[in-house]
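Trainee: There's a structure below that I have some questions on.
Residue numbers (my numbering), protein chains in the order written: chain A, 950 to 1439; chain B, 950 to 1439.
Here is the structure:
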């Protein structure tokens, strides 16, 4: 393992804590994980969890972190443990903890003022806002000319869904721009025609958020949805592939065809039911649902089906976006006929929001609007992240680190076939299945004790979501510790 | 007018721009508004609006602000105009622009790190998080023991609604804690019993947000709702009072009774329909819908009706909370039998979130959860705001400034009875009706030209939402310019 890392030809080495380490993109990082407590969470974390539980539901807390000391790819906790973090706050820290460039942003007094005087951006934006939208957000747009900023993934999708409905109804109305009195009156009492019976088609295993519109398109885990009313909207099967892909091409093509057929049937069924499909929403890789991939051909055909039926096509890049797949947007791997109608983002993008085609832009103001419409402070952090991404060629870094990670995982899968299978993913956005849900949980916990913070997804997968500054030597540390763990479990 | 202001007995005076002004709570504020362009938006703003329109729907933009120069109660725009701002970014700036204490927050390196290393608070909170929730948020709780942080008003309400549904179903299940297989399976396909047919009762004129759950409880303006599918949930009338209240006590009591009767009828009707009401959601003052008030007795009785029918009682203080009514929470004016089950907040609170009773706390983790669960940086700003609020007795300030504003508005209403009516509100959270929607629009535009930034609500009201640092002398400037305008219009 280590030979591979030493071959990575990194120019300088640092000596930290007595161990020679490859030079890190974030200087001062620990050279390896360090675990000092016998249990994780350690005693200080456990005591803080008990404390937190008196003021809020805290059952999901894994440990208490020390964000003053965390650095780069290393998450420190309050008990003095140092984890190599391949999960990064559920895929939401783009270039590691306390990145020096990110810490600089608000030393600039004008940036600080933009943060503190948070405006109602839809009504009173600051002078620099149009340029920031253009130079920061649109500079990395996947071919779409307009953008709206939002707060988080759920609200980005909620508002993008509204654009899909609005655009669909615009086409139904044809030339007529204004609304009828009956539309205006009926919408206020939640009734058609003003609040029309329309639907969005989503996929089994999908996760698009937890607010009530997005939750109606989320089908990954029961605990997210139970007891919450939902819209009756169509749900299509998402391809379930056999791995390795190259050995199962024919079966997987048939699986694509089966799913696409169901999509068309559901569109037809809901049209007949009087609840037409205004849009199709899909993740390029189903993330919370288990890192389920679908082929470029699947996405190409799906987009054509959407077009054919006059439904908008929304790709949710909340988790996949911002570089971790080795391209800025995961769907850029798919070679689509044209850009999707809407692409939503959040997490590593730091600000939520969505890119959209002009056809998806509401003709009237105040339809997709809210008090804040995002947060200028987050866009300033994104600007800093993108500068680092460009200067350090982080997309190349992701592809290099991802190649090592993936080949290492494939090797492990071969060496431990009864424990691991179905290695998959792009860039460092990778996953592997454990043989069972309980083994998966055991592995995530076991990795933690070896100083690796990873995450589960679906019911038996482990997902990797490192920062874009995750390097070859980090990959090798991860693979090394995972091999140790598998050897112990075996 | 000015005599009143001089009597306000403020200790020191400052000389700014040649005019003697009372000492401002935010030193360095302009002494009065200054308008230098003939049109508003001015030429620089207009050019920026055209620019912005190429990248996003910008029809709602009023002007471009200069947040580097804005200070205290004064909003500066890019054309050099200085407005006395009684609207404050739709009621969301608590103590004015560039408040020196707020600008200090992120000079502290550890605060800066808390901002930049934004954690997944439900999984890896920082060491100080339990104390921050307790010392900052719960220190001003309206009698509720638990709190969850969220991002914005819509998502605070969305997640609070989920708590209402979850708590309602918990009571239906009785002792049984775990879910049945049929519940787990059906919820994933948006079907009962897992995704149950439940409803929330809301009111005509209400505004609770723009995501699809909250939008189903919003009934203020058609433009917010048109073309968006909605849940079939019951909508009750909100009292419409005659003013002045003291001369119309009997009619207004009858109005309360009529509305409450409808509430009970709707609960019964939706129970029979198989869509029981899991909760009642209401604003203490309907804000976007026109600053519609209801009496303390109305709220007391409404809470009792909710209890009687096993429905949760949620008060949405997103716009009314954080001191502007002269109490921290507007519903504290109502002398309720007990605290509401849930109180939601955002806007001037800087962080979104909700307080809740223990009964509303989900027993299982991950049910009300998302990646970020708020933002520690916003809580640090809130901490700073609350320190200033306490040190400067801003609730007293609000009551003093509000008294001057209200008596001044009542005087104007008497002097211009064909233009103004129905002055109402608490603290500085005040509104007045114009005789017609077009007159209202004319007045908001006219005030802008006189250097006053105000806002409309409902179809013919003007709402005042100044910062808590809005003082007696600001009130007098506002009243003075409004009188000038009314004289000109008359």
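All residues carry an ideal CB built from backbone N, CA and C; glycine is no exception.
At what residue ranges does the region 1331 to 1419 of chain B contain a whole run of the alpha helix (DSSP H), taking only runs of 4 or more?
Mentor: Here the runs fully enclosed are 1343 to 1364 and 1386 to 1398.
Trainee: Quick one: which residues of the region 1074 to 1087 of chain A get their C-beta closer than 9 angstroms to a C-beta of chain B? List them in chain order.
Mentor: Cβ contacts with chain B: 1074, 1075, 1076, 1078, 1079, 1080, 1082, 1083, 1086 and 1087.
Trainee: For residue 1015 of chain A, which of helix, strand or coil comes out of DSSP?
Mentor: If DSSP states are grouped into helix, strand and coil, residue 1015 of chain A belongs with coil.
Trainee: Report buried or exposed for residue 962 of chain B, applying the criterion of at least 16 other Cβ atoms within 10 angstroms of its Cβ.
Mentor: Reliability fails at residue 962 of chain B, whose pLDDT of 41 lies under 50, so the model's placement of it is uncertain and the value that follows must be treated cautiously. Per the 10 Å Cβ criterion, exposed.
Trainee: For residue 1109 of chain A, which of helix, strand or coil comes out of DSSP?
Mentor: Residue 1109 of chain A: helix per DSSP, three-state reduction.
Trainee: From the DSSP output, in three-state form, read off residue 1219 of chain B for me.
Mentor: Residue 1219 of chain B falls in the helix class under three-state DSSP.
Trainee: For a test of the three-state rule: what should DSSP assign to residue 1028 of chain A, helix, strand or coil?
Mentor: Residue 1028 of chain A falls in the coil class under three-state DSSP.
Trainee: Going by DSSP in three states, residue 1070 of chain A sits in which element: helix, strand or coil?
Mentor: Looking at residue 1070 of chain A - three-state DSSP - the assignment turns out to be coil, as it is neither helix nor strand.
Trainee: Here's the rule: buried if 16 or more other CB atoms are within 10 angstroms of the residue's CB, otherwise exposed. What is residue 989 of chain B?
Mentor: With 16 or more Cβ atoms within 10 Å of its Cβ, residue 989 of chain B is classed as buried.
Trainee: Can you list, in chain order, the residues of the region 1380 to 1407 of chain B whose Cβ is nearer than 7 angstroms to any Cβ on chain C?
Mentor: Judged by its chain identifiers, the structure shown contains no chain C, and its protein chains are A and B.
Trainee: Mind listing the chain A neighbours of residue 1137 of chain B? Cutoff is C-beta to C-beta under 7 angstroms, in chain order.
Mentor: In chain order: 1168, 1171 and 1174.
Trainee: Given that a residue counts as buried once 16 or more other Cβ atoms are within 10 Å of its Cβ, and exposed if not, what is residue 1162 of chain B?
Mentor: Looking at its Cβ environment, which holds 16 or more other Cβ atoms inside 10 Å, residue 1162 of chain B is buried.
Trainee: Between the alpha carbons of residue 1424 of chain B and residue 1401 of chain B, how many angstroms are there, rounded?
Mentor: For residue 1424 of chain B and residue 1401 of chain B, the distance between alpha carbons rounds to 11 angstroms.
Trainee: Cβ atoms of residue 1265 of chain A and residue 1231 of chain A: under 8 angstroms apart, would you say?
Mentor: The answer is yes: Cβ separation under 8 angstroms.
Trainee: Hey, which unbroken runs of the alpha helix (DSSP H) at 4 residues or more fall wholly within the region 1133 to 1214 of chain B?
Mentor: Correct list: 1161 to 1164 and 1171 to 1174.
Trainee: What does residue 1041 of chain B touch in chain A if you count any residue whose Cβ is under 8 angstroms from its own?
Mentor: Under the 8 angstroms cutoff, chain A gives 1067, 1069, 1320 and 1321.
Trainee: Give the DSSP-derived three-state secondary structure of residue 1052 of chain B in the structure shown.
Mentor: Residue 1052 of chain B falls in the helix class under three-state DSSP.
Trainee: Please decide whether residue 1016 of chain B counts as near chain A, where near means a Cβ-Cβ distance under 8 angstroms.
Mentor: So yes, residue 1016 of chain B belongs to the interface.
Trainee: Within the 8 angstroms Cβ cut-off, does residue 1218 of chain B reach chain A?
Mentor: It does not; no Cβ of chain A falls within 8 angstroms.
Trainee: Can you have a look at residue 1218 of chain A and say buried or exposed, based on whether 16 or more other CB atoms are within 10 angstroms of its CB?
Mentor: With fewer than 16 Cβ atoms within 10 Å of its Cβ, residue 1218 of chain A is classed as exposed.
Trainee: Which same chain residues, not among the five before or five after residue 1047 of chain B, have their C-beta less than 7 angstroms away from its C-beta?
Mentor: Around residue 1047 of chain B: 1019 and 1020.
Trainee: Kindly say whether residue 1246 of chain B, judged by its beta-carbon, lies nearer than 8 angstroms to any beta-carbon of chain A.
Mentor: For residue 1246 of chain B, the answer is no, since every Cβ of chain A falls outside 8 angstroms of its Cβ.
Trainee: When every heavy atom of the ligand MG is checked, does at least one fall within less than 7 angstroms of the C-beta of residue 1009 of chain B?
Mentor: Ligands displayed in this structure: none; no statement on the ligand MG is therefore possible.
Trainee: Hey, does residue 1208 of chain A have any beta-carbon neighbour from chain B nearer than 8 angstroms?
Mentor: No, no contact with chain B.
Trainee: Can you give me the start and stop residues for the beta strand (DSSP E) that residue 1227 of chain B sits inside?
Mentor: That run of the beta strand (DSSP E) goes 1226 to 1231.
Trainee: Where does residue 1125 of chain B sit, in a helix, a strand or coil, going by DSSP?
Mentor: Coil, per DSSP.
Trainee: What are the boundary residues of the alpha helix (DSSP H) that includes residue 1292 of chain B?
Mentor: Where residue 1292 of chain B is concerned, there is no enclosing alpha helix (DSSP H), although the beta strand (DSSP E) it sits in stretches over 1291 to 1294.
Trainee: If you drop the 5 nearest sequence neighbours on each side, which residues of the same chain put their C-beta closer than 6 angstroms to that of residue 1156 of chain A?
Mentor: 1167, 1169, 1237 and 1238, listed in sequence order.
Trainee: Taking 8 angstroms as the CB-CB cut-off, is residue 1304 of chain B touching chain A?
Mentor: Chain A, which has no Cβ nearer than 8 angstroms to the Cβ of residue 1304 of chain B, makes this no.
Trainee: Should residue 1244 of chain A and residue 1201 of chain A be called a contact, given that it needs their Cβ atoms to be closer than 8 angstroms?
Mentor: Yes, these two residues count as a Cβ contact at 8 angstroms.
Trainee: If you reduce the DSSP assignment to three classes, tell me which class residue 1324 of chain A lands in.
Mentor: Of the three classes helix, strand and coil, the one that applies to residue 1324 of chain A here is coil, per DSSP.
Trainee: Please confirm whether residue 1001 of chain A has its beta-carbon closer than 8 angstroms to some beta-carbon of chain B.
Mentor: Yes, contact with chain B.
Trainee: Is the number of C-beta pairs between the region 1334 to 1344 of chain B and the region 1263 to 1279 of chain B that are closer than 8 angstroms three or more?
Mentor: Contact between the region 1334 to 1344 of chain B and the region 1263 to 1279 of chain B is present, because at least three Cβ pairs lie under 8 angstroms.
Trainee: Tell me whether the region 1055 to 1072 of chain A and the region 1081 to 1090 of chain B touch, counting them as touching only if at least three CB pairs, one residue from each stretch, are closer than 8 angstroms.
Mentor: No, the region 1055 to 1072 of chain A is not in contact with the region 1081 to 1090 of chain B.
Trainee: So if I threshold CB-CB distances at 8 angstroms, which residues from the region 1181 to 1202 of chain A count as touching chain B?
Mentor: So the list reads 1181, 1182 and 1184, given in the order they occur along the chain.
Trainee: For residue 1103 of chain A, which residues in chain B fall below 7 angstroms Cβ to Cβ?
Mentor: By Cβ distance, chain B contributes 1104 and 1319.
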